[in-house]
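There are 2 protein chains.
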Amino acid sequence: MENDRIRKINKEAKIFKALSNPVRLEVLYCLLDGELCVCEIIQKLEKYEQAHISKSLIKLKEAGIVKDRKEGLNVYYSLSMECIKNFILCLDSNL
Amino acid sequence: MENDRIRKINKEAKIFKALSNPVRLEVLYCLLDGELCVCEIIQKLEKYEQAHISKSLIKLKEAGIVKDRKEGLNVYYSLSMECIKNFILCLDSNL
DNA sequence: CTTATATATTCCAAAAATGGCATATTATAT
DNA sequence: ATATAATATGCCATTTTTGGAATATATAAG
């Protein structure tokens, strides 16, 4: 159906929108090598506020780019799309 | 230098931002199979205004995603990054 | 039950994106 | 010089995003 195509495009647009912000990209970079808890990401990106990083992760999650997993007090995030990592690395080597 | 990293991230964010809009994505889809002039894109996407499509192409161009080539009255646009097509196709098969 | 730690949420003003409409530019042909 | 076709640009009201500061929630430990 034509509507499927439109739904797909909108979903893709949402993915790209989630990636269109430098802070969210930095957060994503942190996850390229594997799962991290929020606190570890906060340590790596200390220049940003905790709330900012939390919001960034949630936006990435809503777009389906990362998934999360709760363990005690911590929440662990990791990439959930193979495509994304490849693309980021491809961009990286071409910019 | 650390600044290089930041410049790179900002450039990537710009690329993602350019792709974060459904109309611009539809325009990009038109170009996946090769070069087209603006008038051909307008025909394919007749539901959108000419000005809207023109602006979309320019935004994609500013992000470095497409390049253009003038020939008489026409302007031909085409993809300028290999990564992008691969990523779009990968997304497409996973959504 | 109180405290501490990790993470998420709310509120909000400033900044940026969106898209419609009108208009401008550029190139070609007559 | 004029007309026409293809494309780009400017203006602008509306919507959306951004990020800071404060606050809330959840889990664990004492």
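Going line by line, the protein sequences match chains U and X.
Quick note on my numbering: the first sequence kicks off at 1 and runs consecutively.
Quick note on my numbering: the second sequence kicks off at 101 and runs consecutively.
For glycine and all other residues, C-beta sits at the position ideal for the given N, C-alpha and C.
Please read all numbers here as calculations on a predicted model, not as lab measurements.
- Of all residues in the stretch 64–81 of chain U, the ones placed with a Cβ closer than 8 Å to any Cβ belonging to chain X are Met81, in chain order.
- Listed in chain order, the non-local C-beta contacts of Ala151/X below 8 Å within the same chain number zero, local neighbours out to five positions each way being set aside.
- The beta carbon of Val66/U lies closer than 8 Å to those of Leu28, Leu31, Leu57, Leu60, Tyr77, Ser78, Leu79, Ser80 in the same chain, with the five residues before and after it left out.
- Contact of Lys117/X with chain U by beta-carbon distance below 9 Å involves Phe16, Lys17, Leu19, Ser20, Asn21.
- Judged by DSSP secondary structure, Leu60/U falls within the alpha helix (DSSP H) whose first and last residues are 50–62.
- Under DSSP, Val75/U forms a beta bridge with Lys70/U.
- Counting along the chain, Asp4/U sits inside the alpha helix (DSSP H) bounded by residues 2–18.
- At a cut-off of 8 Å between beta-carbon atoms, Ile9/U makes contact with chain X.
- For Glu182/X, the enclosing alpha helix (DSSP H) has its first and last residue at 182–192.
- The beta carbons of Asn186/X and Pro22/U sit no closer together than 8 Å.
- In this structure, the straight-line span from the alpha carbon of Glu46/U to that of Glu140/X is close to 49 Å.
- Note that the C-beta distance between Ile15/U and Leu191/X is below 8 Å.
- Distance check between Val175/X and each of Asn103/X, Leu136/X, Arg124/X, Glu149/X places Leu136/X closest, using alpha-carbon atoms only.
- If you look at Leu25/U, you'll find it in the alpha helix (DSSP H) that goes 22–31.
- Boundaries for Ile165/X: no alpha helix (DSSP H) harbours it, and the DSSP string shows neither H nor E there.
- For Ala113/X, the chain U residues whose C-beta falls within less than 7 Å of its own C-beta are Ser20, Asn21, Pro22, Leu25, listed in chain order.
- Under the 10 Å beta carbon count, Ser120/X is surrounded by 16 or more other beta carbons and is classified as buried.
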